[in-house]
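Visitor: Here's a structure for you.
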Amino acid sequence: QMHKLKEIIYNNQKQIESNLQLASKAKASNKQAVMILKSRKAGRLRESNMRLEDLYKKMEVLYRVLTKMYENSQILMEDIKDQVEVKEQERKAIHASHSAMRSAMSIMSGDPDRRAMFDAAMEAIADDVASKVGEMERFMEMSSNFMDSIDLQNGIFEEEGLKMLEKWEKEGVSLILGEEKQNLLLKANDEDEVLDLDQPIKEPVREAGHRNQYDSFFE
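Residue numbering for the sequence shown follows our numbering, beginning at 157 and increasing consecutively.
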């Protein structure tokens, strides 16, 4: 739909320029009625393009955010997988060696109960993942509803979907995107940051030196 929208905006712009030229010629020929007609048509097309350009920017926000959410969700999945594999081994070792006597001795000596801390950390990870997945599901549903409301053929779209997206933009930090959310919004509204719709979505790769986002849960 973004390709189609760009084409509509481009064609409208060509018609605007054509009508303005015709209006200018009509003025020079003292054809007042033709001049008014062509000028008004150019004005209507310009207003339409302003709305369509705003719509394109919102669609670009959706595209950029959904792409980044996909990348981050893949990295999140790898982090969870790695963390579960490592911590499952630790959990087995802790639970195997744990006993009521050992727990009591740990408390008496002032050392923390490692088993309880481990279980609490694993529960915190589960809660964090659930929150991030929930955020992605809500955004995807909002995106789907917004896109379904767009009728490019007639140049109309529901204002409600637009308001929901604007509300999301103004909300606080995203759990799944983090600080990247603001960078994505800035790029979508920066004319120098041209979005290449033909570029394939890159497969996310964890950078060298990447620190598992759940390591801190066990510190």
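Using N, Cα and C, we set each Cβ at its ideal position, and we do this for glycine too.
Could you tell me the distance, in whole angstroms, from the CA atom of GLU293 to the CA atom of TYR219?
Guide: Note on geometry: alpha-carbon atoms of GLU293 and TYR219 lie some 15 Å from one another.
Visitor: Would you mind sorting ASP235 into buried or exposed? The rule is 16 or more other CB atoms within 10 Å of its CB.
Guide: buried
Visitor: By DSSP's criteria, SER287 is part of a beta bridge. Which residues make up the other side?
Guide: Beta-bridge pairing links SER287 to no other residue.
Visitor: Do you know how far the Cα of GLU335 is from the Cα of GLU347?
Guide: When rounded, the separation of the alpha-carbon atoms in GLU347 and GLU335 is 21 Å.
Visitor: Enumerate in chain order the residues of its own chain whose CB-to-CB distance from MET191 is below 6 Å, with the five nearest sequence positions on each side excluded.
Guide: ALA179, ALA182, LYS183
Visitor: Three or more C-beta pairs closer than 8 Å, one from the stretch 296-303 and one from the stretch 318-335: is that the case here?
Guide: yes
Visitor: Just checking my contact of ILE165 with GLU203 at CB under 8 Å: how many whole Å lie between their CB atoms?
Guide: Not quite, the Cβ-Cβ distance comes to about 13 Å (not below 8 Å), so this is no contact.
Visitor: Is GLY328 helix, strand or coil by DSSP?
Guide: coil
Visitor: Could you check what DSSP says for ASP307 in three-state terms: helix, strand or coil?
Guide: strand
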